[in-house]
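Step one of this worksheet: look at the structure below.
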Amino acid sequence: AVRTGLSADVATPRRGQRIEVFGWVHRLRAQKGMTFLWLRDGRAQMQCVLSGKLVETYDALTLTLESTVRVVGTLTALPEGKSAPGGHELQADYWEVVGKAPGGDLAITNRITPDAGPDLLLDQRHLVLRGDVTSQVLRTRAIVLRAFRNFFDRRQMTEVTPPLMVQSQVEGGSTLFSFDYYGEPAYLTQSSQLYLETCLPALGDVYCMSESFRAERSLTRRHLSEYTHLEAEMAFINFEDLLTLLEDMVVQVIEEVLANPVAAAAIKELNPDFKAPQKPFKRMTHADAVAYLREHNITKDDGSFYTENDDIPEAPERRMTDAINEPILLTHFPAGIKAFYMRRCDIEKTLTESVDVLMPGVGEIVGGSMRMTDHDQLMAAMKANDIDPKAYGFYLDQRLYGTCEHGGFGLGIERFLAWLLNRWSVRETCLYPRFMGRCLP
Ligand code: 4AD
Ligand code: MG
Numbered sequence: 114a115v116r117t118g119l120s121a122d123v124a125t126p127r128r129g130q131r132i133e134v135f136g137w138v139h140r141l142r143a144q145k146g147m148t149f150l151w152l153r154d155g156r157a158q159m160q161c162v163l164s165g166k167l168v169e170t171y172d173a174l175t176l177t178l179e180s181t182v183r184v185v186g187t188l189t190a191l192p193e194g195k196s197a198p199g200g201h202e203l204q205a206d207y208w209e210v211v212g213k214a215p216g217g218d219l220a221i222t223n224r225i226t227p228d229a230g231p232d233l234l235l236d237q238r239h240l241v242l243r244g245d246v247t248s249q250v251l252r253t254r255a256i257v258l259r260a261f262r263n264f265f266d267r268r269q270m271t272e273v274t275p276p277l278m279v280q281s282q283v284e285g286g287s288t289l290f291s292f293d294y295y296g297e298p299a300y301l302t303q304s305s306q307l308y309l310e311t312c313l314p315a316l317g318d319v320y321c322m323s324e325s326f327r328a329e330r331s332l333t334r335r336h337l338s339e340y341t342h343l344e345a346e347m348a349f350i351n352f353e354d355l356l357t358l359l360e361d362m363v364v365q366v367i368e369e370v371l372a373n374p375v376a377a378a379a380i381k382e383l384n385p386d387f388k389a390p391q392k393p394f395k396r397m398t399h400a401d402a403v404a405y406l407r408e409h410n411i412t413k414d415d416g417s418f419y420t421e422n423d424d425i426p427e428a429p430e431r432r433m434t435d436a437i438n439e440p441i442l443l444t445h446f447p448a449g450i451k452a453f454y455m456r457r458c459d460i461e462k463t464l465t466e467s468v469d470v471l472m473p474g475v476g477e478i479v480g481g482s483m484r485m486t487d488h489d490q491l492m493a494a495m496k497a498n499d500i501d502p503k504a505y506g507f508y509l510d511q512r513l514y515g516t517c518e519h520g521g522f523g524l525g526i527e528r529f530l531a532w533l534l535n536r537w538s539v540r541e542t543c544l545y546p547r548f549m550g551r552c553l554p
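full-length UniProt numbering applies: residue 114 is where the sequence shown begins, and numbers increase by one.
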């Protein structure tokens with residue numbers, strides 16, 4: 114017998130042949146004289162039928178879910194009216210248990226009960242991963258990461274892997290994780306942006322996809338303390354170029370993801386109402402958003418309206434985005450609520466050339482901006498933000514040795530997936546979520 118995987122693309126050509134498969138028992142149904150095993154190998158599932166003597170053994174009578182088995186038999190097309198993955202089933206003539214999973218109190222169905230609360234599910238995440246939905250989300254995640262890489266490759270942008278252990282901050286000191294680095298203070302990176310900027314003169318336009326860390330103290334649907342951050346930086350562009358790139362990126366990545374049958378099936382199942390975004394995206398300035406909230410009577414907790422100097426928090430931002438129900442490029446935030454490095458608008462100096470991309474169901478998935486290009490202006494901005502320029506020589510040198518107009522952005526992969534797959538929380542769109550109070554498993 115030829116050993117094969119369970120997915121239809123490798124199994125279907127072997128119909129009528131004797132094959133050998135390995136997998137985990139995903140579902141189990143015993144009838145008189147017949148046992149149906151729904152086998153899972155992580156890529157796909159296959160129905161195996163044990164009958165006759167094969168079901169009379171001790172192993173067959175005590176078989177449990179999540180046990181691993183080896184099955185040998187003939188792959189046959191299913192008769193009309195019956196359905197199973199791939200449209201076929203394996204008629205076993207031999208099978209054996211490879212690793213028996215416990216039954217009784219320790220049975221997997223007692224570890225993850227249908228009414229399990231979120232904490233229990235997170236404690237048991239290593240087992241939850243095996244479920245249909247979670248594995249589908251993680252498979253789609255891999256396809257999404259590849260689509261982003263392909264987008265940047267098409268633009269001949271170079272992928273770099275900046276350090277995650279750093280001594281500089283990017284997005285404010287309050288969310289830094291610090292640690293002892295051979296007796297010196299150091300941090301887990303919040304964003305690789307500063308490093309990407311230094312790559313421009315060496316490599317041209319660059320991107321990276323690595324972890325960023327934020328010591329977020331609030332437990333929300335969209336904040337993790339460790340998340341996968343896609344960041345890109347482009348030289349000799351203007352703000353309009355940046356906005357166009359963001360639209361192109363989202364549209365092309367979604368196009369590629371929808372063209373992938375595995376991802377398309379996941380989206381259809383988990384987010385049946387998903388509409389692929391179209392260019393151009395709706396554009397609003399921060400001032401427009403403040404006006405929108407006022408018109409729709411969305412206020413602060415104390416009943417007062419948001420003003421043009423206020424940061425719009427998650428809840429009102431989401432209410433606005435959900436109501437508008439299409440991607441939004443939210444631009445021109447006031448300098449006072451944004452990071453030190455953002456380029457000021459030529460006409461209105463209190464505003465920045467900044468952009469957030471907002472998506473229904475999640476709100477902000479991207480934060481980006483043009484960067485200050487002048488050395489002394491940047492130095493002054495750092496001082497105004499209480500940042501000691503000492504550790505930022507590498508960043509300031511970028512302005513000293515051949516400055517240029519440049520800009521970029523960061524996109525949270527978990528938020529992108531929460532939008533794409535209609536998940537309630539970013540905790541569902543990464544392998545093992547990290548947030549305040551959880552660093553296990
Ligand atoms: O808006 P942020 O803080 O921007 C930056 O870090 C820039 N330095 C990026 C750049 O220009 N290169 O973060 C960018 C994105 C957010 O829009 C959000 O999607 C995600 O990172 N993000 C988080 N995702 C999950 N959990 C958190 N705590 C996140 N904080 C930011
Ligand atoms: Mg942001």
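Glycine included, each C-beta is placed from N, C-alpha and C at the ideal position.
Could you give the distance in angstroms between the alpha-carbon of Phe548 and the alpha-carbon of Ala497? Distance between the alpha carbons of Phe548 and Ala497: 31 Å.
Taking only heavy atoms of the ligand MG into account, decide whether any of them is closer than 7 Å to the Cβ of Asp423. Because no heavy atom of the ligand MG lies under 7 Å away, the Cβ of Asp423 does not count as near it: no.
In chain order, what are the residue ranges of uninterrupted beta strand (DSSP E) at least 3 long that sit wholly in the segment 330-381? Those beta strand (DSSP E) runs which fall completely within the segment 330-381 and span 3+ residues are 339-348.
Residues that DSSP places opposite Tyr320 in a beta bridge: Tyr320 pairs with Glu272 and Ala345.
Sequence-distant residues of its chain with Cβ nearer than 6 Å to Arg153 (five each side left out): Within the same chain, Arg153 has close Cβ partners Gly136, Trp137 and His139.
Thr542 and Val250 look like a contact to me (Cβ under 8 Å); what is the Cβ gap, rounded to whole Å? About 6 Å separates the two Cβ atoms, so the contact holds.
What distance in whole Å lies between the Cβ atoms of Met492 and Leu509, which are believed to be in contact at a cut-off of 8 Å? Contact annotation, Leu509 with Met492: C-beta distance approximately 6 Å; criterion of less than 8 Å satisfied.
Are the CB atoms of Phe326 and Glu310 within a distance shorter than 8 Å? No; because the gap between Cβ atoms is not below 8 Å, this pair is not in contact.
Grab me the residues of Gly474's own chain with a C-beta within less than 6 Å of its C-beta, minus the 5 sequence neighbours each way, in chain order. Correct list, in chain order: Trp532.
Reducing DSSP to helix, strand and coil, say where Arg153 ends up. In the structure shown, Arg153 falls within a strand segment according to DSSP collapsed to helix, strand and coil.
Chain-order list of residues whose beta-carbon lies under 6 Å from that of Gly523 (same chain, five-residue window excluded): Within the same chain, Gly523 has close Cβ partners Ser304, His342, Glu344 and Gly480.
Measure the alpha-carbon distance for Glu430 versus Met397 and round it to whole angstroms. Rounded to the nearest angstrom, the gap between the Cα atoms of Glu430 and Met397 is 12 Å.
Distance, Cα to Cα, Ser248 vs Glu209? Using only the alpha carbons, I get a separation of about 26 Å.
Tell me whether the segment 315-332 and the segment 271-279 touch, counting them as touching only if at least three CB pairs, one residue from each stretch, are closer than 8 Å. In short, these stretches touch, since the Cβ pair count reaches three.
For residue 560, I'd like the list of residues in its chain whose CB is within less than 8 Å of its CB, leaving aside the five on either flank, ordered along the chain. No answer is possible for residue 560: the residues shown for the chain start at 114 and end at 554.
For the beta strand (DSSP E) containing Leu119, list its first residue and its last residue. Judged by DSSP secondary structure, Leu119 falls outside any beta strand (DSSP E); it is assigned neither H nor E.
Can you name the residues that DSSP bridges to Pro447? Leu464.
Compute the minimum distance between the beta carbon of Leu442 and the heavy atoms of the ligand 4AD, and state whether it is under 7 Å. The nearest non-hydrogen atom of the ligand 4AD is 7 Å or more from the C-beta of Leu442.
Can you tell me whether Tyr300 is buried or exposed? The criterion is at least 16 other CB atoms within 10 Å of its CB, across all chains shown. Answer is buried; the Cβ neighbour count reaches 16.
Distance between beta carbons of Pro440 and Lys388, contact taken as under 8 Å: Actually they do not touch by this definition, with Cβ atoms about 10 Å apart.
DSSP puts Asp293 in a beta bridge; with which residues? Secondary-structure assignment with DSSP links Asp293 through a beta bridge to Pro298.
How should Met472 be labelled, buried or exposed, when 16 other C-beta atoms within 10 angstroms of its C-beta is the threshold for buried? Under this definition Met472 is a buried residue.
What span of residues does the beta strand (DSSP E) with Gln204 cover, start to end? For Gln204, the enclosing beta strand (DSSP E) has its first and last residue at His201 to Gly212.
Say the cut is 7 Å; is the CB of Glu382 nearer than that to a heavy atom of the ligand MG? Outside the cutoff, so no.
Under the rule that 16 or more other beta-carbon atoms within 10 Å means buried, what is His336, buried or exposed? His336 comes out buried.
Return yes when at least one heavy atom of the ligand 4AD lies under 7 Å from the C-beta of Phe522, else no. Yes; taking the cut-off as 7 Å, the Cβ of Phe522 has a heavy atom of the ligand 4AD nearer than that.
Let me check you understand the geometry: is the CB of Asp469 closer than 7 Å to at least one non-hydrogen atom of the ligand MG? Yes, the ligand MG has a heavy atom inside 7 Å of this Cβ.
Taking C-alpha atoms, which residue in Tyr405, Thr486, Leu442 and Asp172 lies nearest to Cys458? Among Tyr405, Thr486, Leu442 and Asp172, the Cα nearest to that of Cys458 belongs to Thr486.
DSSP puts Ile441 in a beta bridge; with which residues? DSSP lists Lys395 and Leu471 as partners of Ile441.
Compare the Cα-Cα distances from His409 to each of Asp386, Gly416 and Met433 and report the closest residue. Residue Met433 is the option with its Cα nearest to His409.
Would you mind working out which of Thr181, Phe352 and Gln511 sits nearest Glu466, comparing C-alpha positions? Nearest C-alpha to Glu466: Phe352.
Rounded separation between Pro546 and Val246 - CA only: Rounded to the nearest angstrom, the two C-alpha atoms are 16 Å apart.
Would the C-beta of Gly286 count as close to the ligand 4AD, meaning under 7 Å from any of its heavy atoms? No, the Cβ of Gly286 stays beyond 7 Å of every heavy atom of the ligand 4AD.
Within this structure, are the beta carbons of Leu191 and Ile221 separated by less than 8 Å? Their beta carbons are not under 8 Å apart, which means Leu191 does not touch Ile221 by this criterion.
Is it right to say Asp318 is buried, meaning 16 or more other beta carbons lie within 10 angstroms of its own, or is it exposed? The residue is buried, with at least 16 neighbouring Cβ atoms inside 10 Å.
For the ligand MG, is there a heavy atom less than 7 Å away from the beta-carbon of Glu310? When distances are taken from the beta-carbon of Glu310 to the heavy atoms of the ligand MG, even the shortest one reaches 7 Å or more.
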